[in-house]
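Chemist: Per mature numbering (1 follows the signal peptide of the UniProt record, and there is no 0): the sequence shown = residues -19 to -1, 1 to 965.
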Amino acid sequence: MDCIPPVLSLVFFSFICQGHLTGYQSNEVNLLDSKASQELGWISSPSHGWEEISGVDENYTPIRTFQVCNVMEYSQNNWLRTNWIPRNSAQKIYVELKFTLRDCNSIPLVLGTCKETFNLYYMEADEDQGDMFWEHQFTKIDTIAADESFTQMDLGDRILKLNTEVREVGPTTQKGFYLAFQDVGACVALVSVRVFFKKCPFTVRNLATFPDTVPTDSQALVEVRGSCVNNSKEEDPPRMYCSTEGEWLVPIGKCLCNTGYEVQGVSCQACRAGFYKSSPGNLRCSKCPPHSHTQQQGSDHCSCEKDYFRSAEDPASMACTRPPSAPRNVISVINETSVILDWSWPVDMGGRKDVTFTVVCKRCLPGQRQCEACRGAVRFLPRRTGLRNTTVTVADLLAHTNYTFEIEAVNGVSSLVPTHRQFAAVTITTNQAAPSSVAVIRKDRTSQNSIALSWLEPERPNGIILDYEVKFYEKQEQETSYTILRAKGTNVTLNGLKPDTTYLLQIRARTAAGYGASSPKFEFETSPDSFSISRESSQVVLIAISSAVAVILSVAVAYLLLGRFCSYSKSKHPDEKRLHFGNGHLRLPGIKTYVDPHTYEDPSQAIHEFARELDASCIAIDKVVGAGEFGEVCSGRLKQPSKKETSVAIKTLKAGYTEAQRRDFLSEASIMGQFDHPNIIRLEGVVTRSKPVMIVTEYMENGSLDSFLRKHDGQFTMIQLVGMLRGIAAGMKYLSDMGYVHRDLAARNILVNSNLVCKVSDFGLSRVLEDDPEAAYTTRGGKIPIRWTAPEAIGYRKFTSASDVWSYGIVLWEVMSYGERPYWEMSNQDVIKAVDEGYRLPPPMACPAALYQLMLDCWQKDRNNRPKFEQIVSILDKLIRNPSSLKIIANTPSSPHSPENLLLGWSTSDIATFHSMGDWLDSTRTLPCKDTFSGIGYSSCSTLPKTSAEDVKQVGVTIIGPQKNIVSSLTELETHTKNDPVPV
């Protein structure tokens, strides 16, 4: 019995084989570590119980430990108490025990009661109680048992098993506490006792420093505000949360290095000489552009070298430039009073691409040394300044006049050197020219047989006018017979005319250079043949006319008064009363009309008018579910006062946005906020008064319709599919009635909720259509989703509700094919050509004939022949009420010889006409199939579907249907011909 304690003492010299003790993590702060002291001075009661001995750890460092092994005696109650441990600021405290424990079964001749556990206690106290010890005041923490115990054999082999247990103490409220260990009959040795608490250590995250933080609440995270490192500033306030485990979580916000500073590690360092950074951010400093330099550290720009400049609009990253040299090789071509000037580009463009030309016109009078600027109606075609081409036409010059033209080359920095003018000059003399046309002709007096006329001299006589030619004829003669007079002055009297007859007249002037252009045709009438009336008769006539006029005026006034009264009465009706609202838009109550937010002078007015502002504190973001054009798309929850918490989708505007991007981002909310329909995505509100800017909509659990259908291929009943289509059509009817044209109706822009309700979405004006570069056919005015767009919208950009109906037909096809890509692998140009030539998508597999007919109706080339959305809704309602009508399946295209049908599949009756694979290939007589198919190794119907798309294209088939149709059709053909005796 006396040999047991010395044997246990071997434990502390022999646990090297059990591996190294775990080092402490940086987020743990020790309050007590028994290994760090050579004299612990703990109190043992009774004194012959726990025994303090010396030993070494795995690094042979001396340590003080405690052991007890009174297993040969009954009723053991041995206590060991630590010194008073101050808790500092910690509330949640941990105790780590490392110990060995001997298996009771390995101890021979045990007389007492052997245990394989011991108890851990604690007691709080505001100050050190000295050597006083009261067992009853301690609170039990836990009973400690060993995961592994050692035996006598382990002692012989010097292989000991070290146990590590960690327990939590508290929460504590007093300034410190004691730990106590109770042995009730075990053979145990305490190798080390460590008491610690956890903190979130000092760290730097997103260029913000976060101090050491001790969690103050065992249940909640502690929010800590960070401080930007030197030479940086906040973009969004940096924050992190400290967990009770001493871990930093959920970094929010960040800091940006100031201008002239770049990120190096976790700090912002000044740009070195020769480098710069012109804006805040975490990019690296850039080398000075050409012809610029900086000798200082921390520069936000580089200064230009001598004779080089940078305009106010030039970014700091642009090289410094200089004005261009003069244009070269000026050539003039004179045509009477106009001249065409042509020149060559300057030799030196100054290092810029924004070179334009300005033409200065000067008129040089005889006998004067200096020329004056051109005046009058001199015209420059296309313009005088800002010319981007090297030619200009100058028209409406004076005849026989000297002109000098200076052609100056300018660029973006020319204005910075006002004394620097680089131009080329040319002097010309205009030729003699005919006068311009007579613009104004007046009728002075008229009689039965004559008319007196006068006119103004042409605006540009271009010399001395010798005379005028007056040409006139009867209107009904249509210039088959006319008369010409010559007039020296600007007036003439035409005699010998017919009474009460309409004449047409033109005048042109003549100089030494010839006749000018004729004036516009002037129409006049001579007086009637009998127009003399006596004075008495004329008075009677005047009285009669006056009476008639008075009666007419009275009737008109009465009619106007009556009309105003009726109009006023009708306007009192509540449905007819007109209201003005918003940005000058007119609406009638009960008739809701879409208003384009881009018509507002202030776009923010449309936001506040149509979208509700939400408090950002009511929104909780759970996770990021995707990325949009302007930022991240998240799912989250919206909890508004006195309302139930709802799931929402949140679009956020990424940091660093421009005002134009913010306007475009929020324009979708201005549009969506005008709609209120169960099949239109519902806008919950926007956040514009804090960052990030957000658009909050209802959450659609199943995402976009196309991916949802592909994920659940073939899993829905026909009625369920028609119900989805009916919802989409109802939403589009609502938009059509509102006067809104969607332009991008496609399955990818339809969202599905958990109840399979489909809702139209994506009302943004800037769309990202698809990932591949062929996704859009770019025309003047933007991108168009070719596969979903009506021909008139592609060719002439005529977007109407009728073009949305075409797109709905494509959506109908997508739904019935469970999300297949329209037109498969055809290129956009092939789609445009095929549709223009009359090709239409074939019916998907098992598609009801009624639905395929509706597709074809939506794809009518004449948009006026397409059904309205109201009619589409009515058709789908009838199909839902009569499910038997959906059992009639549409046939595939009638001609099996057309290229598009080669791999699209046929009906059973079509396949029955072929006796072999060879017959099938022979039937494709319009294509070089049979020989070529043998070249790609077909031997049976079962091998043909395995050929790749590239192999099929080699045989001349450019329109390839869905693979499942190919496999289905050819498998059916193989079944039909499996007994064919003719080898394939």
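C-beta: ideal position from N, C-alpha, C; glycine also.
At what residues does the beta strand (DSSP E) containing residue 14 begin and finish?
Modeler: Taken as a continuous stretch (DSSP letters only), the beta strand (DSSP E) holding residue 14 covers 9 to 14.
Chemist: Identify every run of the alpha helix (DSSP H) within the segment 821 to 858, keeping only runs that are complete inside it and at least 4 residues long; order them along the chain.
Modeler: Whole alpha helix (DSSP H) segments, 4+ residues: 830 to 839.
Chemist: For my contact list, residue 619 and residue 629 are in at a C-beta cut-off of 8 Å; report their separation, rounded to the angstrom.
Modeler: Sure, about 5 Å apart at Cβ, within 8 Å.
Chemist: Name the two residues that bound the continuous alpha helix (DSSP H) containing residue 650.
Modeler: Run containing residue 650: 640 to 653, per the alpha helix (DSSP H) assignment.
Chemist: Relative to the C-alpha of residue 493, which residue among 193, 657, 448, 807 is closest?
Modeler: Measuring from the Cα of residue 493, the nearest candidate turns out to be 448.
Chemist: How many Å lie between residue 712 and residue 304 at the Cα?
Modeler: Using only the alpha carbons, I get a separation of about 59 Å.
Chemist: In whole angstroms, what is the alpha-carbon distance linking residue 490 and residue 347?
Modeler: The alpha-carbon atoms of residue 490 and residue 347 are separated by roughly 27 Å.
Chemist: Output the boundary residues of the alpha helix (DSSP H) element that contains residue 365.
Modeler: Run containing residue 365: none; DSSP gives neither H nor E here.
Chemist: Just to confirm my understanding: we take residue 788, look at its own chain, exclude 5 residues before and 5 after, and list those with CB closer than 6 Å. What are they?
Modeler: Taken in chain order, the residues that qualify are 726, 769.
Chemist: Quick one: is the Cβ of residue 578 within less than 8 Å of any heavy atom of the ligand GTP?
Modeler: Absent from the structure shown: the ligand GTP. Ligands present: none.
Chemist: Is it buried or exposed for residue 226, if we count other Cβ within 10 angstroms and need 16 for buried?
Modeler: Exposed, because fewer than 16 other Cβ atoms sit within 10 Å of the Cβ of residue 226.
Chemist: Take residue 827 and list the residues in its own chain whose beta-carbon comes closer than 7 Å to its own, dropping the five residues that flank it on each side.
Modeler: Counting only Cβ-Cβ distances below 7 Å, and skipping sequence neighbours, we find 870.
Chemist: Kindly indicate which residue of 100, 386, 96, 84 has the alpha-carbon position closest to the one of residue 78.
Modeler: That would be 100, whose Cα lies nearest to the Cα of residue 78.
Chemist: Measuring straight from C-alpha to C-alpha, what distance separates residue 342 and residue 467?
Modeler: In a straight line, the C-alpha of residue 342 is about 38 Å away from that of residue 467.
Chemist: Any idea if residue 910 is buried or exposed, counting beta-carbon neighbours within 10 angstroms, 16 or more meaning buried?
Modeler: Below a pLDDT of 50, predicted positions are generally treated as unreliable, and residue 910, at 41, falls in that range; the measurement from the model is reported next regardless. Classification of residue 910: buried, given that the 10 Å Cβ count is 16 or more.
Chemist: Could you have a look at residue 757 and say whether DSSP puts it in helix, strand or coil?
Modeler: Below a pLDDT of 50, predicted positions are generally treated as unreliable, and residue 757, at 43, falls in that range; no measurement from the model is reported.
Chemist: Could you check the C-alpha separation between residue 665 and residue 587 for me, to the nearest Å?
Modeler: Each residue's alpha carbon lies about 16 Å from the other.
Chemist: In whole angstroms, give me the CA-to-CA distance for residue 625 and residue 201.
Modeler: Computed Cα separation, rounded: 24 Å.
Chemist: Quick one: give me the first and last residue of the alpha helix (DSSP H) that residue 586 is part of.
Modeler: Here the alpha helix (DSSP H) through residue 586 covers 584 to 591.
Chemist: Less than 9 Å separating the beta-carbons of residue 436 and residue 500?
Modeler: Contact: yes.
Chemist: With burial defined as no fewer than 16 other Cβ atoms inside 10 Å of the residue's Cβ, what is the status of residue 147: buried or exposed?
Modeler: Burial call: exposed.
Chemist: Going by the beta-carbon positions, is the gap between residue 288 and residue 393 smaller than 9 Å?
Modeler: Not closer than 9 Å, so no.
Chemist: Please determine if the segment 300 to 318 and the segment 256 to 273 are in contact, where contact requires at least 3 C-beta pairs separated by less than 8 Å.
Modeler: Contact holds: three or more Cβ-Cβ distances are below 8 Å.
Chemist: Bridge partners for residue 436 per DSSP, in chain order?
Modeler: BP columns for residue 436 point to 422.
Chemist: For the beta strand (DSSP E) that residue 102 lies in, which residues bound it at each end?
Modeler: 98 to 106 is the extent of the beta strand (DSSP E) around residue 102.
Chemist: Compute the beta-carbon to beta-carbon distance between residue 242 and residue 283, rounded to the nearest angstrom, for a pair I have assumed lies under 8 Å.
Modeler: Not confirmed; about 15 Å, so no contact.
Chemist: Name the DSSP bridge partner or partners of residue 60?
Modeler: Bridge partners of residue 60: 26, 163.
Chemist: What residue range does the beta strand (DSSP E) around residue 675 cover?
Modeler: Looking at the DSSP string, the run of the beta strand (DSSP E) that includes residue 675 is 675 to 679.
Chemist: Can you name, in chain order, every residue of its own chain whose Cβ lies under 8 Å from the Cβ of residue 796, other than the five neighbours on each side?
Modeler: 686, 690, 702, 705, 706, 728.
Chemist: Identify the residues that DSSP records as bridge partners of residue 66: which are they?
Modeler: 158.
Chemist: Using the rule of at least 16 other Cβ atoms within 10 Å of the residue's Cβ for burial, across every protein chain shown, is residue 74 buried or exposed?
Modeler: With 16 or more other Cβ atoms within 10 Å, it is buried.
Chemist: Buried or exposed: where does residue 194 fall if 16 or more other Cβ atoms within 10 Å of its Cβ makes it buried?
Modeler: Label assigned to residue 194: buried.
Chemist: Alpha carbon to alpha carbon, how far is residue 456 from residue 717?
Modeler: Approximately 52 Å between the Cα atoms of the pair.
Chemist: Whose C-beta lies closer than 6 Å to the C-beta of residue 262 among residues of the same chain, with five residues either side of it excluded?
Modeler: Excluding residues within five positions, the ones whose Cβ falls inside 6 Å are 237.
Chemist: Do you know offhand how far residue 720's Cα is from residue 574's?
Modeler: Distance between the alpha carbons of residue 720 and residue 574 is about 6 Å.
Chemist: Assuming residue 24 and residue 62 make a contact with CB atoms under 8 Å, what is their CB distance in whole Å?
Modeler: About 5 Å; that satisfies the 8 Å criterion.
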